[in-house]
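Inspection log for the structure reproduced underneath, given as structure tokens.
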Amino acid sequence: MSHEIVRSVCPYDCPDTCGLLVEVEAGRAVSVSGDPAHPMTRGLLCPKMNHYERTVHSPRRLKTPLLRTGSKGEGCFEPICWDEAIDRIASRWKDLIARYGGECVLPYSYAGTMGLVQRNSGHPFFHKLGASRLERTICSPAKEAGWKAIMGDTAAMDPAEIERSDLAILWGINAASTSIHVMRDAQTARRRGVRLWSIDTYRTPTCDAADEAFVVSPGGDGALALGMMHVMVREGLTDRDFIRDNVLGFEAFAGQVLSACTPERVSPVCGLPVIVIERMAREFAVARAPFIRLGSGLTRYGNGAMTVRTIACLPALSGAWQRPGGGLFTGTFTGDAFPLQRVTREDFMEQPTRQVSMNQLGAALSDLCDPRIMSLYVYHSNPAAVTPDQNAVIKGLERSDLFTVVHERFLTDTARYADIVLPATSSLEHPDLYRCYGGYQAQRCAAVIPPVGEAKSNWEVFSLLAAGMGWNDPFFKQSADDLVEHLLDFDTPWRDAAT
0 MSHEIVRSVC
10 PYDCPDTCGL
20 LVEVEAGRAV
30 SVSGDPAHPM
40 TRGLLCPKMN
50 HYERTVHSPR
60 RLKTPLLRTG
70 SKGEGCFEPI
80 CWDEAIDRIA
90 SRWKDLIARY
100 GGECVLPYSY
110 AGTMGLVQRN
120 SGHPFFHKLG
130 ASRLERTICS
140 PAKEAGWKAI
150 MGDTAAMDPA
160 EIERSDLAIL
170 WGINAASTSI
180 HVMRDAQTAR
190 RRGVRLWSID
200 TYRTPTCDAA
210 DEAFVVSPGG
220 DGALALGMMH
230 VMVREGLTDR
240 DFIRDNVLGF
250 EAFAGQVLSA
260 CTPERVSPVC
270 GLPVIVIERM
280 AREFAVARAP
290 FIRLGSGLTR
300 YGNGAMTVRT
310 IACLPALSGA
320 WQRPGGGLFT
330 GTFTGDAFPL
340 QRVTREDFME
350 QPTRQVSMNQ
360 LGAALSDLCD
370 PRIMSLYVYH
380 SNPAAVTPDQ
390 NAVIKGLERS
400 DLFTVVHERF
410 LTDTARYADI
420 VLPATSSLEH
430 PDLYRCYGGY
440 QAQRCAAVIP
450 PVGEAKSNWE
460 VFSLLAAGMG
470 WNDPFFKQSA
480 DDLVEHLLDF
490 DTPWRDAAT
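In structure tokens:
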């Protein structure tokens, strides 16, 4: 019986992209553990990936394509072969597009896998199809917009620099529960003498592990930052030399905005007493290298982008950026680490098509017209469970005239409303390239085990659908490994190598 240990990667939507060691026997994953050689995660796995082999080989895995036999939502299906499934989908789309145009088809996907190939492999297909485009705005765009409004395309600091700080602030992130590697590094830094603050809207386990915890009112984080900066300017605690040489617009910001944001004014908004706001400002300003680790919690409000934009000004006013360990980290959103356009192929669009917000799927399925959405293709997402206004989403999925296809590993809430369900591979069953967005690592991984049953990867399915649509474009005849090679064949200062 063959036995080997193979390296792989956690595919889930988490900043850290953990390295894995997969024990394989006779084509089955028998155990999954953390890779101690990974430079960031160092063998520590969260509960989502511990015993991942149970998910991969679950008896509930879908193993064949399924055709609906009952009413939508009942979950009644019969197995069909792949040829029939592809033929049914392609034939239905050809008919719908002939009648309504390509925009009547809407893809719906998000971060069921974070692999650069498998996550993005639907883009070239739907661009060529002329389908409506999905605005994937459910998570981080507000944070990215706020960062770029201040920092442009500047890369964030390396989060490992927390150990060189003297004041570390976990702001809007319950790291003890949701970011175990961040918390590990913060606790290590704390044992070395780094003071640790936690800023959140309620007392979390992270607050309990910090030297000080500050509980702000929901949506009040930006007001707190403005009040702190007012105190820094008022008391001459800014780094004037750094501002002169590196900051644009400071005088207008200080005169038109900060002058009005006194601690007395922002206190009712942020929920902290004036004396606390003033003390936080002074301690932040005099710290040698204050480090801010910004979470996503504070972006879940209507002012989310502006909140990030405001907090991002703090290290500029204090000059923290010029000192090792000082600055702000919110994610590695910037930098062309890989030429993703070689996978997404925006050039396949003959003309830009309409965009539909994923947060408004329920309304789009019911109200959008010219043309109406007549077909929904769902992959690595479960909108019936995760999209806002669940009742409206389900009402839309129940439409008798909506042709829905779901590509999934399991019969999810959304899959129960599908006309056709296609079995999907797990991350251990297909190759991909992963880029960490909580640090500066990238990892390439091969398929570790054969596909379970008749499961196919996203890229394989879109290649089959392209053939079913009658397209002869050589792009869709490549393998996933070919696409990985295209991503790696690129010179950039952001990347030395991907291993």
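To convert, note that position 100 of the sequence shown is 99 in numbering that gives the first Met the number 0; the numbers rise steadily by one, no gaps.
Here a beta-carbon is modelled for each residue, glycine too, at the ideal position from N, C-alpha and C.
- Residue nearest to Ala-259 within the set Val-232, Val-483, Ala-159 is Val-232 (criterion: CA-CA distance).
- Residue nearest to His-126 within the set Glu-349, Leu-396, Arg-135, His-379 is Glu-349 (criterion: CA-CA distance).
- If you draw a 10 Å sphere on the C-beta of Asp-238, you find 16 or more other C-beta atoms in it, and that means buried.
- Closest by C-alpha distance to Arg-135, out of Glu-143, Ala-284, Pro-35, is Glu-143.
- Going by C-alpha positions, Asn-457 is about 11 Å away from Ser-108.
- For Tyr-416, the number of other beta carbons within 10 angstroms of its own is at least 16, and it is reported as buried.
- With a 10 Å radius around the Cβ and a threshold of 16 neighbouring Cβ atoms, Ser-139 comes out buried.
- When the beta-carbon positions are compared, Glu-397 and Lys-71 come within less than 8 Å of each other.
- With a contact defined as Cβ atoms closer than 8 Å, Thr-203 and Ser-176 qualify at about 7 Å.
- Listed in chain order, the beta strand (DSSP E) runs fully inside the segment 306-346 are 326-328, counting runs of at least 3 residues.
- Sixteen is the threshold: since fewer than 16 other Cβ atoms of the shown chains lie within 10 Å of the Cβ of Leu-247, the residue is exposed.
- For Phe-290, the secondary structure class from DSSP, reduced to helix, strand or coil, is strand.
- Apart from the 5 residues on each side of it in sequence, Cys-45 sits with its Cβ closer than 6 Å to the Cβ of Ile-179 in its chain, given in chain order.
- In this structure, Val-483 is the residue among Asp-488, Val-483, Leu-487 with its C-alpha nearest to the C-alpha of Val-116.
- Judged by DSSP in its simplified three-state form, Val-193 adopts coil rather than helix or strand.
- For the pair Leu-271 and Leu-339, the CB atoms are not nearer than the 8 Å cut-off.
- With respect to the C-alpha of Ile-372, the residue from Asn-381, Gln-359, Ser-266, Ala-384 having the closest C-alpha is Gln-359.
- Annotated as proximal: Lys-62 and Glu-453, with beta-carbon spacing under 8 Å.
- Comparing alpha-carbon positions, the option among Ala-110, Asn-245, Tyr-99, Gly-326 lying closest to Leu-169 turns out to be Gly-326.
- Runs of the beta strand (DSSP E) spanning 3 or more residues and lying entirely within the segment 74-136 occur at 76-78, 104-108, 132-134, in chain order.
- Our two residues, Glu-263 and Val-385, have alpha carbons roughly 40 Å apart in a direct line.
- A distance below 7 Å between beta-carbons, with the five flanking residues on each side excluded, links Ala-253 to the following residues of its chain, in chain order: Val-232.
- In the DSSP assignment, Phe-409 falls outside any beta strand (DSSP E), carrying neither H nor E.
- Assignment of Cys-206 by DSSP, reduced to helix, strand and coil, places it in the helix class.
- The alpha-carbon of Asp-481 is positioned some 38 Å away from that of Cys-75.
- Inter-residue distance for Ala-441 and Pro-58 is about 32 Å (C-alpha atoms, whole angstroms).
- The residue among Leu-293, Asp-388, His-379 with its C-alpha nearest the C-alpha of Ser-365 is Asp-388.
- Under the criterion of beta carbons closer than 8 Å, Ala-362 and Ala-391 qualify as touching, at roughly 6 Å.
- Beta bridge pairing from DSSP links Ile-419 with Leu-66, Val-404.
- The shortest CA-to-CA distance from Glu-77 to any of Ala-311, Arg-98, Leu-410, Gln-255 is the one to Leu-410.
- For Asp-15, no beta strand (DSSP E) segment is defined, and its DSSP state is neither H nor E.
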